[in-house]
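Here the protein sequences line up with chains A and B, keeping their order.
Position one of the first sequence corresponds to residue 0 (numbering that gives the first Met the number 0), numbered consecutively onward.
Position one of the second sequence corresponds to residue 0 (numbering that gives the first Met the number 0), numbered consecutively onward.
Each residue gets a CB set at the ideal place from its N, CA and C atoms; glycine is no exception.
There are 2 protein chains.
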Amino acid sequence: MKYSKQRAEILKTVTENRIHPTADTVYTLMREKMPDISLGTVYRNLNLLAENGDIRKIPVPNGSDRFDSRMNPHEHMICTECGEVFDIDMDIMSNVKPLADREHNFDVSSCSLTVYGICAKCAEKNKNY
Amino acid sequence: MKYSKQRAEILKTVTENRIHPTADTVYTLMREKMPDISLGTVYRNLNLLAENGDIRKIPVPNGSDRFDSRMNPHEHMICTECGEVFDIDMDIMSNVKPLADREHNFDVSSCSLTVYGICAKCAEKNKNY
DNA sequence: CTCAAAATAATAATGATTACTATTATTAGT
DNA sequence: ACTAATAATAGTAATCATTATTATTTTGAG
Chain A
0 MKYSKQRAEI LKTVTENRIH PTADTVYTLM REKMPDISLG TVYRNLNLLA
50 ENGDIRKIPV PNGSDRFDSR MNPHEHMICT ECGEVFDIDM DIMSNVKPLA
100 DREHNFDVSS CSLTVYGICA KCAEKNKNY
Chain B
0 MKYSKQRAEI LKTVTENRIH PTADTVYTLM REKMPDISLG TVYRNLNLLA
50 ENGDIRKIPV PNGSDRFDSR MNPHEHMICT ECGEVFDIDM DIMSNVKPLA
100 DREHNFDVSS CSLTVYGICA KCAEKNKNY
């Protein structure tokens, strides 16, 4: 894997913007620094960085994938009102692995949990109606 | 909501084929009985039936949604080798809800867990190499 | 410096799903 | 049963996120 300015800058963008950006958001942020960068490059590098263990790719059911620079075991909650993504510290892997093994002889390699609901801020806002 | 032959038959197809079919699989199965049915009708009715609580829609990260007629709380494991979907009896909701509430004041409405790994059958097959 | 390998920008293609539209089926009220 | 309002349909086009293609440019080892 060769060094490229683009990849380094993309990693920096994800690390500095802890907003769980989508590929498209990263693309928008990147164009401020490198106006000629292409969307394909952003996608390719986000995937490469994720494979390489530098960032995490968060698959979002019925939505764009998101990218996260926090690498500790945690899952994600998405507010269905404002769309913001929150981290929730939990390790489902250690929860699921023994269950899957015991009940189905299933050798778990990864799992993905997405939680939907209303965040505190939006719940507060809704009170005023 | 009016009665339609198509919707009734689609529900029957999902209920009888406990293979967690995708919309496209349902479409293929349906065309054997109703050759002129359209893919749009299949999608619309699967979504209607899911909203109505007759079936469950299982969002699959980076893949087609799947539909399930088993309505008890359970999650899904997908074999990355053969693609088969397995049910795993667990109620993450009751697991996640208190945690999300306590840590973030987040009001959870739903959550979706997908587990990836190798199923027993495929693991057995791989041994022979 | 040179040159092969890798990465890029730009664009086209893909796959899943939804939207649109003219036509047909269903059903409530006569 | 008849009819009008309305919901559902088939067929098609459009959308969205993502990946593939390709000709050109960058990178880094020798």
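Along the beta strand (DSSP E) that carries residue i, what are the first and last residues, could you check?
i: V114 (chain B); result: 106-117
i: E83 (chain A); result: Here E83 (chain A) belongs to no beta strand (DSSP E), and DSSP marks it neither H nor E.
i: I57 (chain A); result: 55-57
i: R65 (chain A); result: 65-67
Report yes or no: is there a C-beta of chain B within less than 8 Å of the C-beta of residue i?
i: I54 (chain A); result: no
i: T113 (chain A); result: yes
i: M76 (chain A); result: yes
i: S63 (chain A); result: no
i: P72 (chain A); result: no
i: T24 (chain A); result: no
i: T21 (chain A); result: no
Kindly indicate the opening and closing residues of the alpha helix (DSSP H) around residue i.
i: E31 (chain B); result: 22-32
i: D100 (chain A); result: 91-103
i: N46 (chain B); result: 38-50
i: R132 (chain B); result: The question about residue 132 (chain B) has no answer here: the residues shown for chain B are numbered 0 through 128.
Expressed to the nearest angstrom, what Euclidean distance is found between the alpha-carbon atoms of residue i and residue j?
i: C78 (chain A); j: M89 (chain A); result: 18 Å
i: D100 (chain A); j: Y2 (chain B); result: 44 Å
i: T40 (chain B); j: P72 (chain A); result: 41 Å
i: M0 (chain B); j: A49 (chain B); result: 14 Å
i: D53 (chain A); j: E8 (chain A); result: 13 Å
i: C121 (chain A); j: E83 (chain A); result: 10 Å
i: R69 (chain B); j: S93 (chain B); result: 19 Å
i: I117 (chain B); j: E80 (chain B); result: 6 Å
i: K56 (chain B); j: M76 (chain A); result: 19 Å
i: T113 (chain A); j: I87 (chain B); result: 17 Å
i: A134 (chain A); j: P58 (chain A); result: For residue 134 (chain A) there is no data in the structure shown, the boundaries of chain A being 0 and 128.
i: E102 (chain A); j: D67 (chain B); result: 20 Å
The ligand ZN and residue i: does any heavy atom of the ligand fall closer than 7 Å to the residue's C-beta?
i: K124 (chain A); result: In the structure on display, the ligand ZN does not appear, and there are no ligands present to speak of.
Can you find a CB in chain A that lies within less than 8 Å of the CB of residue i?
i: P34 (chain B); result: no
i: C118 (chain B); result: yes
i: A49 (chain B); result: no
i: T79 (chain B); result: yes
i: A7 (chain B); result: no
Item to check | Within 8 Å of chain B by C-beta, residues of the segment 86-116 of chain A in sequence order | outcome: Taking 8 Å as the cut-off between beta carbons, the residues of the segment 86-116 of chain A near chain B are I87, D88, M89, I91, N94, V95, L98, A99, E102, H103, N104, F105, D106, V107, S108, S109, C110, S111, L112, T113, V114, Y115, G116, in sequence order.
Next on the checklist: With a threshold of 8 Å, are at least 3 pairs of Cβ atoms found where one atom belongs to the segment 5-18 of chain B and the other to the segment 100-113 of chain A?
Outcome noted: Touching, no.
Checklist entry - Does the pairing of the segment 18-27 of chain B with the segment 41-51 of chain B give three or more beta-carbon distances under 8 Å? => result In short, these stretches touch, since the Cβ pair count reaches three.
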